[in-house]
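Enquirer: Just so we're aligned, residue 1 is where the sequence shown starts under our numbering, counting upward by one.
Pasting in a structure now, in structure tokens, and then I'll have a few things to ask.
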Amino acid sequence: MRRLLVLVLSAMLASTGTAAANEQVVGGERASIEANPWAVYLLDDRGAQFCGGTIVAPAKVLTAAHCAIGRSPSELKVVAGREDKQDRGAGVTATVTKIWIHKQYTAADEGEDVAVLTLKDALSYQPLPLAELSDRALYQPGTELRALGWGRTAENGKTSRFLMQATVPVLPDDFCVDTYPQFVKADMFCAGYEGGKIDTCQGDSGGPIVADGKLVGVTSWGEGCARKNKPGVYVRISRYAKDLHSVVDASPPGVVDP
Numbered sequence: 001m002r003r004l005l006v007l008v009l010s011a012m013l014a015s016t017g018t019a020a021a022n023e024q025v026v027g028g029e030r031a032s033i034e035a036n037p038w039a040v041y042l043l044d045d046r047g048a049q050f051c052g053g054t055i056v057a058p059a060k061v062l063t064a065a066h067c068a069i070g071r072s073p074s075e076l077k078v079v080a081g082r083e084d085k086q087d088r089g090a091g092v093t094a095t096v097t098k099i100w101i102h103k104q105y106t107a108a109d110e111g112e113d114v115a116v117l118t119l120k121d122a123l124s125y126q127p128l129p130l131a132e133l134s135d136r137a138l139y140q141p142g143t144e145l146r147a148l149g150w151g152r153t154a155e156n157g158k159t160s161r162f163l164m165q166a167t168v169p170v171l172p173d174d175f176c177v178d179t180y181p182q183f184v185k186a187d188m189f190c191a192g193y194e195g196g197k198i199d200t201c202q203g204d205s206g207g208p209i210v211a212d213g214k215l216v217g218v219t220s221w222g223e224g225c226a227r228k229n230k231p232g233v234y235v236r237i238s239r240y241a242k243d244l245h246s247v248v249d250a251s252p253p254g255v256v257d258p
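Structure representation (structure tokens):
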């Protein structure tokens, strides 16, 4: 039920010649880290990538609460500036010193699925601004958003070596409620295609979904990957902008406001 982000393109092929009617093409589109410098991924204490995140301030990374709950800072690392997970010489691996989880979080599908990681050292990569309450247009049905991550490229497939991206439209809240009875309009939004052609999936929960140069959502949960009438569900960042700014804008240790 919990959704860990990845980019999945699952297009049904027409039955022509010997092609089966249910044959699928699964994959995403590569994205460059230069164009998306704020995109990061998280490592667990075994060094395995398991979630995604977004640089929202030089020493702050926003991710999903369910990626951080039950973990201590010493069990997490943040990898920034690395498009290819196998290119160990690229980017930096940052140490986490503090974890903030929304105080009302209990489960991803109940809302408040946001967490902020404070890093020991500031990163030099460009942060991504948060969507604000005034950014209502970014959540209107049909608005095209871009999701990014390094996770699986199929529901039961392998994770991606490279940063991937996919474009998905915001779906009407009523559709999301009909699909998922536990869906909370004020806290979440869903995006994807009713036919299930493009979606997010296991591998990078906490990763970004963006539009207009802002972080619109965080990949949170869903059912399966690219399934018909089962879109991905994302945290509505504008709903939590005030709470997040109180954490993100706080001065890190050793820094004094002028």
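Idealized CB from N, CA, C, for every residue including glycine.
If the criterion is Cβ atoms closer than 8 Å, does the pair ALA64 and ALA147 meet it?
Expert: Contact: no.
Enquirer: Please report the straight-line C-alpha distance between CYS176 and TYR240, rounded to a whole angstrom.
Expert: 20 Å
Enquirer: Over what stretch of residues does the beta strand (DSSP E) that includes ALA65 continue unbroken?
Expert: Careful: ALA65 lies outside any beta strand (DSSP E), inside the alpha helix (DSSP H) at 65-68.
Enquirer: List the endpoints of the continuous beta strand (DSSP E) containing PHE189.
Expert: 188-191
Enquirer: Looking at the unbroken alpha helix (DSSP H) that takes in THR179, where does it start and where does it end?
Expert: 173-179
Enquirer: Tell me which same chain residues have a C-beta within less than 6 Å of the C-beta of ARG82, skipping the five on either side of it?
Expert: For ARG82, same chain residues with a beta-carbon under 6 Å away, outside a window of 5 residues either side, are ALA90, GLY91 in chain order.
Enquirer: Would you call LYS60 buried or exposed, if buried means 16 or more other Cβ atoms sit within 10 Å of its Cβ?
Expert: Here LYS60 is buried. Its C-beta has 16 or more other C-beta atoms within 10 Å.
Enquirer: Which two residues bound the contiguous alpha helix (DSSP H) that contains ALA241?
Expert: 241-248
Enquirer: May I ask which residues mark the beginning and end of the beta strand (DSSP E) holding VAL233?
Expert: Residues 232-236.
Enquirer: Any idea which residues DSSP pairs SER72 with across the strands?
Expert: In the DSSP output, where bridge partners are listed per residue, SER72 has none listed.
Enquirer: So the beta strand (DSSP E) SER220 belongs to, where does it begin and stop?
Expert: Segment 214-221, the beta strand (DSSP E) holding SER220.
Enquirer: From this set, LEU138, CYS51, GLN126, which residue's C-alpha is nearest TRP221's C-alpha?
Expert: Looking only at LEU138, CYS51, GLN126, the smallest Cα-Cα distance to TRP221 is reached by CYS51.
Enquirer: Can you tell me where the beta strand (DSSP E) holding ILE33 begins and where it ends?
Expert: Note, ILE33: premise wrong, no beta strand (DSSP E); not H, not E.
Enquirer: Does the contact criterion of 3 or more C-beta pairs under 8 Å hold for the region 72-79 versus the region 164-178?
Expert: As far as the Cβ criterion goes, the region 72-79 does not touch the region 164-178, which means the pair count is below three.
Enquirer: Does the beta-carbon distance from CYS190 to PRO231 come in below 8 Å?
Expert: yes
Enquirer: Using the C-alpha atoms, what's the distance from PHE162 back to GLU132?
Expert: 30 Å
Enquirer: Is GLU213 buried or exposed, if buried means 16 or more other CB atoms sit within 10 Å of its CB?
Expert: A small fix is needed here, since residue 213 is Gly in this sequence, not Glu. Per the 10 Å Cβ criterion, exposed.
Enquirer: Taking only the alpha-carbon atoms, compute the straight-line gap between ASP249 and ALA94 and give it to the nearest angstrom.
Expert: The alpha-carbon of ASP249 is positioned some 19 Å away from that of ALA94.
Enquirer: What separation, rounded to the nearest whole angstrom, lies between the Cα atoms of GLY149 and ALA186?
Expert: 25 Å
Enquirer: Using the C-alpha atoms, what's the distance from GLY207 back to ILE69?
Expert: 16 Å
Enquirer: Which partner residues does LEU117 have in the DSSP bridge list?
Expert: VAL61, ILE99
Enquirer: Which stretch, first to last residue, makes up the beta strand (DSSP E) that contains LYS77?
Expert: 77-80
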